[in-house]
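Encoded as structure tokens, the structure appears first; notes follow it.
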Amino acid sequence: MKKLVIAITLLLIALGLRAPAISAIAAETINGVLLYSPSPYGSNEENLTIDITENNPNYPGYGKGLSPGSTYRFDDLLRIENGNGFPVCVVLHSQSDLIRFYTSGEALQTISFSLAVNESISVGVEFSSTELGLMEESYSIKTFEGECDEAV
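The numbering used here applies: residue 513 is where the sequence shown begins, and numbers increase by one.
Below, the structure written as structure tokens:
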């Protein structure tokens, strides 16, 4: 099947009690597939930014970042929407075991799902903070024309 796009974005994670937590996930529409964040921790301006620090205008007033040795699950952190006139297969893959994705149930390093025309899906992100300090992780988003079982 025809491959539509490969987009690689960087995710910066600062782990620790006093460190900034999450910043800079690129967001855009690529060949009709839109990635954005409906979360109060996200900003849908020029770049999609996920920020769980006190610098976020929606900061709830408590917490200073991610604690080391902890796992955090953020439901509905990302939303992916198919604006094409045909179904697509979306594959999210984390280059690191510290970042995992889920739509329901278990968080995995790689997930894939099909989206019909004008369909959208919420994706949760799980962060494992094994160390204290700033870490840079990356993940890829690939979309293919057709259902996942046909495209991959």
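Ideal Cβ positions, reconstructed from N, Cα and C, are used throughout, including at glycine.
Counting only the Cα atoms, His605 lies some 7 Å from Ile623. DSSP places Asp609 outside both helix and strand once states are collapsed to three, so it counts as coil. Where Gly658 is concerned, there is no enclosing beta strand (DSSP E), because DSSP gives it neither an H nor an E.
Shortest Cα-Cα distance from Asn594 to any of Tyr614, Ser616, Thr583 and Ser634 involves Ser634. When the Cα atoms are used, Arg591 and Asn630 turn out to be separated by approximately 13 Å. With contacts defined as CB atoms closer than 9 Å, Tyr614 and Gly636 qualify as a contacting pair. Take the alpha-carbon of Phe625 and the one of Pro580: they are about 31 Å apart. Short of 7 Å from the beta carbon of Asp587, and not among the five residues preceding or following it, lie these beta carbons of its own chain, in chain order: Gly636. Ranked by how close their Cα comes to the Cα of Phe656, the residues Ser640, Leu610 and Leu627 have Leu627 in first place. Annotation for Ser640: Thr583 and Leu610 place their beta carbon closer than 6 Å to its own, counting only its chain and skipping 5 residues before and after. Counting C-beta atoms within 10 angstroms of its own C-beta, Arg585 has fewer than 16 neighbours from the protein chains shown and is therefore classed as exposed.
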